[in-house]
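Colleague:
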Amino acid sequence: MPVEEPHRVACHLDLLLEREGLTLTELARRIDVTIANLSILKNNRARAIRFSTLTAICDQLRCQPGDLFTLDSVE
Amino acid sequence: MSPAPASVLSRRLRTVEAVLTVLLVLLVLWIGALLLGPNGLGVVGDLGGPIHTDTNAVMAVTTELDTRVTVAGAPTTTDTTDGTRDAVSGGRPVEISGPYVAQVSFLDPSPAQRVIWLLSELVGPLLASVIVILLLLVAVSARRGDPFTRANTARLRAIAALVMVGGTAVSFLSSVVSMWLVAESPAGRIVTPSVSITLLPLLVGLLVLALAEVWNRGVALREDTEGLV
Chain H
894 MPVEEPHRVA
904 CHLDLLLERE
914 GLTLTELARR
924 IDVTIANLSI
934 LKNNRARAIR
944 FSTLTAICDQ
954 LRCQPGDLFT
964 LDSVE
Chain A
44 MSPAPASVLS
54 RRLRTVEAVL
64 TVLLVLLVLW
74 IGALLLGPNG
84 LGVVGDLGGP
94 IHTDTNAVMA
104 VTTELDTRVT
114 VAGAPTTTDT
124 TDGTRDAVSG
134 GRPVEISGPY
144 VAQVSFLDPS
154 PAQRVIWLLS
164 ELVGPLLASV
174 IVILLLLVAV
184 SARRGDPFTR
194 ANTARLRAIA
204 ALVMVGGTAV
214 SFLSSVVSMW
224 LVAESPAGRI
234 VTPSVSITLL
244 PLLVGLLVLA
254 LAEVWNRGVA
264 LREDTEGLV
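Protein sequences, first through last, are from chains H and A.
Take any residue in the first sequence, note its place counting from 1, add 893, and you have its number in my numbering.
Take any residue in the second sequence, note its place counting from 1, add 43, and you have its number in my numbering.
1. Is there contact here, the segment 946–962 of chain H with the segment 908–926 of chain H, by at least three beta-carbon pairs under 8 Å?
2. Could you give the first and the last residue of the continuous alpha helix (DSSP H) run that contains residue 192/A?
3. Where does residue 104/A sit, in a helix, a strand or coil, going by DSSP?
4. Grab me the residues of residue 172/A's own chain with a C-beta within less than 8 Å of its C-beta, minus the 5 sequence neighbours each way, in chain order.
5. Is there at least one Cβ from chain A nearer than 8 Å to residue 965/H's Cβ?
6. Our contact map puts residue 202/A next to residue 165/A with C-beta atoms below 8 Å; I'd like the distance itself, whole angstroms only.
7. I'd like to confirm the pairing. Which residues does DSSP put opposite residue 146/A in its beta bridges?
8. Anyone know if the C-beta pair for residue 42/A and residue 240/A falls short of 8 Å?
9. Can you find the residues in the same chain that come closer than 7 Å, C-beta to C-beta, to residue 918/H, ignoring five residues on each side of it along the sequence?
10. By the 10 Å Cβ neighbour count, where 16 or more other Cβ atoms means buried, how is residue 966/H classified, buried or exposed?
11. Hey, quick one: how far does the beta strand (DSSP E) through residue 904/H stretch, first residue to last?
12. Kindly indicate if chain A contains any beta-carbon less than 8 Å away from that of residue 926/H.
13. Let me know if residue 253/A comes out buried or exposed under the rule of 16 or more other beta-carbons within 10 Å of its beta-carbon.
14. Please classify residue 81/A as buried or exposed, where buried requires at least 16 neighbouring CB atoms within 10 angstroms.
15. Please report the residue range of the alpha helix (DSSP H) in which residue 211/A lies.
16. For residue 238/A, collect the residues of the same chain with a Cβ closer than 8 Å to its Cβ; drop the 5 residues on either side in sequence, then sort them by chain order.
17. Residues of chain H with CB under 8 Å from residue 271/A, in chain order?
18. Can you give me the start and stop residues for the beta strand (DSSP E) that residue 235/A sits inside?
19. Inspect the CB distances between the segment 128–135 of chain A and the segment 147–158 of chain A and report whether three or more fall short of 8 Å.
20. Between residue 934/H and chain A, is there a C-beta pair that is closer than 8 Å?
21. Under three-state DSSP, which class holds residue 242/A?
22. Could you check the C-alpha separation between residue 106/A and residue 114/A for me, to the nearest Å?
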């Protein structure tokens, strides 16, 4: 198994979905990404995201990348 | 060039699985025929059909005859004013020379001879069955979407080892058993004992090992994209 690289990037997909009144399933269908991958993203288990996927999510949720991701402060 | 659609790839992989499954079934039938046939437990007679082999009915080995053995009626040549010609037809000459390969059939083998022969015949298809099962597992994992796993790398390395070591051992064992059986029999008078080993399993095994290492690189690349959305 690969070593997990620590990061402090938090994903706010759940909040944006709620704001737009969309389900994860519907978003997955619209942007042609699997529900499994979107779920990985939503639960902060993703290690990387393609720019094409980021563009598609931001288009559908009418947001900027900075709305989708924020950097948690160091505790 | 864009990759084939997933449905096409899935269909191709199912075809590969089907072919491997048929091969495995034939190997199992072959093993069963040897074990249950006249030279094994004697439960069934010569089964005939697509799995019939001569060795199923009569215990036999193929061996090289001594160089002193000649073939009666072999073509001979004669010198003519037009050059060397066939002695009978006068046409273009040919020559037949040994050593000749013959099948030695054991019409009444002892129990020990039968058991040893049977074991030497079983090792090949048993080895092939294990290899086909490993290949089938790789094919199934590919169809299910994730072929580049450490388990598949281990399977390919195991196949390489089985082919290299097992294949060479089977060839050697078969040669030794044939030599022993024939040397103990009246045919030993016209057979020069020799043991032969083919290097082909070694070469094929090395190729599979190279493939396994390339596959391992694929596993590393796959793990690199773990969690990529």
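Glycine included, C-beta positions come from ideal geometry on N, C-alpha and C.
Modeller: According to the structure data:
1. yes
2. Numbered from its first residue, the second sequence carries residue 192/A at position 149. Note, residue 192/A: premise wrong, no alpha helix (DSSP H); not H, not E.
3. What you label residue 104/A is simply residue 61 of the second sequence in a count that begins at 1. Residue 104/A sits in a strand when the DSSP states are folded into three classes.
4. What you label residue 172/A is simply residue 129 of the second sequence in a count that begins at 1. Taken in chain order, the residues that qualify are 67, 70, 71 and 74.
5. Residue mapping note: residue 965/H aligns to position 72 of the first sequence, counting from 1. For residue 965/H, the closest Cβ of chain A is not nearer than 8 Å.
6. Locating residue 202/A in the second sequence gives position 159, where the first residue counts as 1. Locating residue 165/A in the second sequence gives position 122, where the first residue counts as 1. Actually they do not touch by this definition, with Cβ atoms about 20 Å apart.
7. On the second sequence, residue 146/A is found 103 positions in, with the first residue counted as 1. BP columns for residue 146/A point to 105/A.
8. One cannot answer for residue 42/A here, as it falls past the ends of chain A, which runs 44 to 272.
9. As a first step, residue 918/H is located in the first sequence; it is residue number 25 there, counting from the start. The answer, listed in chain order, is 928.
10. Residue numbering aside, residue 966/H sits at position 73 when the first sequence is read from its first letter. Its Cβ having fewer than 16 others within 10 Å, residue 966/H is exposed.
11. Within the first sequence, the letter at position 11 stands for residue 904/H. Element bounds for residue 904/H: 902–904.
12. Within the first sequence, numbered from 1, the residue matching residue 926/H stands at position 33. Taking Cβ atoms only, chain A reaches closer than 8 Å to residue 926/H, which makes this a yes.
13. Mapped onto the second sequence, residue 253/A falls at position 210. Under this definition residue 253/A is an exposed residue.
14. Here residue 81/A corresponds to residue number 38 of the second sequence, with the count starting at 1. Label assigned to residue 81/A: buried.
15. As a first step, residue 211/A must be located in the second sequence, where it is residue number 168. 210–226 is the extent of the alpha helix (DSSP H) around residue 211/A.
16. In the second sequence, the residue the question calls residue 238/A occupies position 195. 215, 218, 219 and 222, listed in sequence order.
17. Position 228 of the second sequence, counting from 1, holds the residue named residue 271/A. Those are 939, 940, 941, 942 and 943, listed as they occur along chain H.
18. Within the second sequence, the letter at position 192 stands for residue 235/A. Counting along the chain, residue 235/A falls outside any beta strand (DSSP E), and DSSP gives it neither H nor E.
19. no
20. Here the question's residue 934/H lines up with position 41 in the first sequence. True, the Cβ-Cβ gap to chain A drops below 8 Å.
21. The residue labelled residue 242/A in the question sits at position 199 within the second sequence. Correct three-state label for residue 242/A: coil.
22. Within the second sequence, numbered from 1, the residue matching residue 106/A stands at position 63. Within the second sequence, numbered from 1, the residue matching residue 114/A stands at position 71. The straight-line gap from Cα to Cα measures roughly 16 Å.
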